[in-house]
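Okay, so the sequence shown: first residue is 0 according to numbering that gives the first Met the number 0, each after it adds one.
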Amino acid sequence: MTSDTDTDATLRHLVDCFRNRLKSLIQVEPVLDHIYFIERDQKDLILNKAKTETNQRAADLLIDTVINNPHPAGWCREFLNALEAGGCKHAAQYVDTEDLPSPSLEAQNDYVVQLVDLLAPSLVEMKTDDVCMFCYTDGILTGEERDNINTETRNHGSIKGARLLLRRIAVKPPGWFSTFLEALKRSEHFDLVRELTGVTTTEGGEEGTAVDSELAENSEKMAEGPEVAFASLHLGEESMDSSSLLTDLDSSMEVASGDTDVDLYRGDAEKTQESPDETSEPGCSDEGAATEDPQDPEIVLRDYQMEVAKPALEGKNIIICLPTGSGKTRAAVYITKNHLDSRAQKGQPGKVVILVNKVPLVEQHYSKEFGKFLKRHYSVERVSGDSQLKISFSEIVKKNDIIICTAQILENAFKEAKNDEDEGIRLSDFSLMVIDECHHTQKGGVYNYVMTRYLKQKQKNNLLRKEQKEPSPIPQILGLTASPGVGGAKNLAKAEEHILKICANLDAFKIMQPSTLLGDLKGPYKYTATAEKRKEDPFGDVIKGIMNEIHAHAELYPPCDPGTQNYEQWAVQKEQNAAKEENQNVRVCAEHLRQYNEALYQSNTIRMCDAFDFLCKYHDQEVKKKMAPEEEEAIGRTETEIFLFRLFIDKKKKLQNLASKPEYENKGLSELRTAILKEFTSRPEARGIIFTKTRRSAIALHQWIQENRKFEEAGVRASYLIGGGDQSVVKPMTTKEQRDVLKKFSTGEINLLIATTVAEEGLDIPQCNVVIRYGLVTNEIAMIQARGRGRAEDSSYILVEVEGSGVAEREGVNEFREKMMSKAIKKVQSLDRTVYEHKVKELQMQAIMEKRVRTKKKKEKAMKREDPSRVTFSCRNCSKPVCTGKNIEIMATMHYVNVTQEFQELFIVRENAALQERLLDYDTNGTIACKGCGHTWGSMMLYRGIDCPSLHIKNFVVTYNDKQKTYNKWSELPIRFPAFDYCKYADMVADNSEDDDDDDD
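Below is the structure:
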């Protein structure tokens, strides 16, 4: 009886959580034919709503009936069966706890649905009868659906039938897309297949499997959460390659997320992977540990901390899983001291490395934990890309007992050792490795690279022991996490497998959770503030009017409404295609349309005046591009550019007037204001964090608070905190700026932070008692991390959303996944030791083999790299030829420079508006731009006294193998360029200097 009650409650909860998805997936009429637990009168009401209004509204009424009304026993199974029998198998997956779609498949399926919508104008020209027949025989259409499509085709024509076919397949379970592609190929629609995939498909269809394999690979990459992916795509500052929209989605998201700090860990890792020479020097300041307390503070663990630390004190590898703010790091400090003390007593060398996933945590762990408690006993040093002293990392390791560093620095040092460089280090140099936020030890992450080295060495050691040879020492592993997550699992078994994978990757003897703490912890008070939709939007209407004029001027026909994700993707594709086709007019129009689309998004999330300021700055920058230095010739403007500039100037005053009228603002800001004022006026001392999607919105919200006197009267003292990566057009914060803001927040000088997700993990602010997520929902790990920022007693966790946005729905799904994670951890903990060890070993061997396969493929790919002279580059804006690949050299393993005299004649140098100090051997002095059209090409760098123009490949059209293409990263281009020859150019500079001296004489 209890089991039936639980099933009933779970299904109602799932139906409610996924309401918005189910409304679009359920076909009411065929489903109702198979439902018997709903009364006939209610069925008639639902069917009547479908006929007189829309299927979606009828589905909404059906969902209300399912959730709110009592039903006889067995209704749950009947409802599932009805969905499947009614041709709604995808909807059935969302209400079946054993078959929940993973976030990666969710995101992947959403993407291909949007892609089909985007290309519908071309797809409706298909031979509908043939495609329909193949879709039916391949199982993605039911017999009833086939008959309905054929009837529609006979009565209203092939195009109408094609539209119905596209609507029906788009609601099928993930996997339908590859079947649909096959149907197109079999009906000889090779042009449509090429348009959908970017893959040239012949009659033999040999290329077809490439799409499936790439989709399968991307499903793993996108496990972080579809919300992040689509936020990044929507807000991207850089463009995507249309030919890789499907097969390189994960890469596109990383590149396109110019304004998003979706995951600082990924940003830091990727940045440093592109910059493997990240500076490995310690800071010169002893701020923190040295200024805390001259007396030696005692490390005292609570009972639950000692409980989870016990296996590590015995020398075992473990993962400590404790909620945010409950003392994971303090337990790690205790284990570190015990480890070094015990090794010293035995006369054994001891050395500990603490790995973190972002630069600010290096200083935080040093000043608040490891340095504070251990510096009087052991030498402790911190190392990050922000460090200043010119000392090699290997020397730091030799001279210190405890090293705190970013994981990429350690991985870089391991690579140096592999290349037999003197400054490299090895695993055997350490006796204990502490990995903070260890849930990131997954495929593709730098933590995983480090641990794969560990697992391979462990495997070698086992072979050496069998041969009775001396094994190489490997360190003890200690992982720390607040939430390992479920990794996109769709059921408990998959969640358990995810936890086991993390345990295997960290070679953990056990994942440790205390038996008492979790039940005793009182979570923050949580509530959702929902704002109603905006009724009038004249500001947005003016922007849409401008966009329509641009459409008419460039003869562009978007298949979707402005302000949407689909429109963003369409504009990106148009811009890239126009660049490759050397159609400057369409290219520049598409670029302007993207900016107007971004302004629409901003007006719907922050203020209209922020959107207006954004447009003004963009147009000012575009005008400046056409202004050459005095000594240069004037840069010409095309008729299209003149049209675009005048169009904005004509509407500028009207937009400015509308932006000043508060009655038209989005209602989300009103709910946010209410939430902030309520929390800050009802507490004796409030300290809060607002999480928002983008850097631009964080800065705009800070400005909004500064300009509103009510916040000042309530005692709000705000600042913003954004990421340090420079991939965005928004100026990033330096590590010093981040540290200063956090220090002021910690002391109370600032009591409200507006932050991107850079602040979700690791931020140590015990006094924080208000956490607000403003229209932002990612995955269950991010939810737990953000909620955990509220560490003070009686904290509040508030979700602010706009009606119909689906934010609250996704938060409910994350809560469901969080409960599933807790159950999975308990199941892993309760596994028989023999079973656990067997599963862990199997997963480790699988990880090692996968690494070998990837390495082999990488080597094969590198061997196929062609002669640089076969590649030519032209300006993405005006199509002017620039140079060939033989002129490109790689400087410091990351900058692609052209120092030839011929190239110098083709560009102008402008001041870099976002200039930031860099503590490296090179400085960014400005940007370089096309002398003909003013389009930015890259940056001018000063490298050891030599001016080096550094090219950004995204600003060029690349002609390779007689095909024109755009790239977002140099790594995507399969060409091996030579290293920069400093001596050669230094000699040239010296020769020129001597000539100058002679002239002076």
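All C-beta atoms, glycine included, are put in the ideal place defined by N, C-alpha and C.
Because the structure is a prediction, the values reported are computed rather than measured.
Taking the CB atoms as reference points, tell me whether PHE133 and ALA169 lie closer together than 9 Å. no
For ASP137, collect the residues of the same chain with a Cβ closer than 7 Å to its Cβ; drop the 5 residues on either side in sequence, then sort them by chain order. THR178, GLU181, ALA182
Sort out for me which residues DSSP pairs LEU720 with in a bridge. ALA754
Whole-angstrom C-beta distance between VAL585 and ALA551, which should lie under 8 Å: Not really, about 13 Å apart at Cβ, beyond 8 Å.
Can you tell me the Cβ-Cβ gap for THR335 and PHE369, rounded? I've got them flagged as a contact below 8 Å. 7 Å
Distance CB(LEU44)-CB(GLY85) smaller than 9 Å: no
Figure out for me which residue from SER186, LEU13, PRO359 has the closest Cα to the Cα of GLN92. LEU13
Less than 8 Å between the CB atoms is what I'm expecting for ILE403 and HIS438, so what's the real figure, rounded? About 19 Å separates the two Cβ atoms, so there is no contact after all.
Starting from the Cα of ALA8, find the closest Cα among ILE66, ASN47, ASN54 and give me that residue. ILE66
Cutting at 7 Å between CB atoms, please list the residues of its own chain near TYR526, excluding the five before and the five after it. ILE797
For LYS650, collect the residues of the same chain with a Cβ closer than 7 Å to its Cβ; drop the 5 residues on either side in sequence, then sort them by chain order. VAL541, ILE545
Could you name the residues of the same chain whose beta carbon sits closer than 8 Å to that of ASN886, not counting the 5 residues immediately before and after it, in chain order? ASN897, THR899, GLU901, PHE902
GLN601 burial status per 10 Å Cβ neighbour count (16 or more: buried): buried
To the nearest angstrom, report how far apart LYS489 and SER101 are at their CA atoms. 5 Å
Nearest to THR892 by alpha carbon, out of MET450, PHE979, ALA846, SER366? PHE979
Going by the DSSP bridge assignment, what does ARG772 pair with across the sheet? PHE690, LEU798
Are the CB atoms of ARG606 and LEU668 within a distance shorter than 9 Å? yes
In or out: GLN620 buried (at least 16 other Cβ within 10 Å) or exposed? exposed
Run through DSSP, which three-state label would ASP946 get? strand
By DSSP, does CYS982 sit in helix, in strand, or in coil? helix
May I ask you to verify whether the segment 495-511 touches the segment 477-484, counting CB pairs closer than 8 Å and requiring at least 3? yes
Nearest to VAL957 by alpha carbon, out of GLY944, PRO880, VAL908? PRO880
Here's the rule: buried if 16 or more other CB atoms are within 10 angstroms of the residue's CB, otherwise exposed. What is MET939? buried
Between the Cα of THR871 and the Cα atoms of ILE847, GLN963, LYS930, SER23, which residue gives the shortest distance? GLN963
Looking at C-alpha atoms only, which residue of GLY174, GLU597, THR926, LEU10 is the closest neighbour of HIS70? LEU10
Please classify ARG853: is it buried, with 16 or more other beta-carbons within 10 angstroms of its beta-carbon, or exposed? exposed
Limits of the unbroken beta strand (DSSP E) element including PRO880: 880-883
Alpha helix (DSSP H) runs wholly inside the segment 546-604, at least 4 long, in chain order: 564-579, 583-604
CA-to-CA distance, THR926 to PRO948, given in whole angstroms: 9 Å
Which residues in the same chain as VAL130 place their Cβ atom closer than 7 Å to its Cβ, once the five residues preceding and following it in sequence are excluded? LEU164, ALA182, LEU183, SER186
With three or more beta-carbon pairs closer than 8 Å as the criterion, would you say the segment 735-755 touches the segment 711-720? yes
Taking 8 Å as the cut-off, is the CB of CYS502 close to at least one heavy atom of the ligand NAP? Inclusion of the ligand NAP in the displayed structure is not the case, the ligand content being empty and no account of it being possible.
From the DSSP output, in three-state form, read off ARG975 for me. coil
Please state the DSSP three-state secondary structure of GLU181. helix
Counting Cβ pairs closer than 8 Å, one from the segment 690-705 and one from the segment 818-838, do we hit at least three? no
Look at the Cβ atom of ASN447, then the Cβ atom of GLN456, and state whether they are nearer than 9 Å. no
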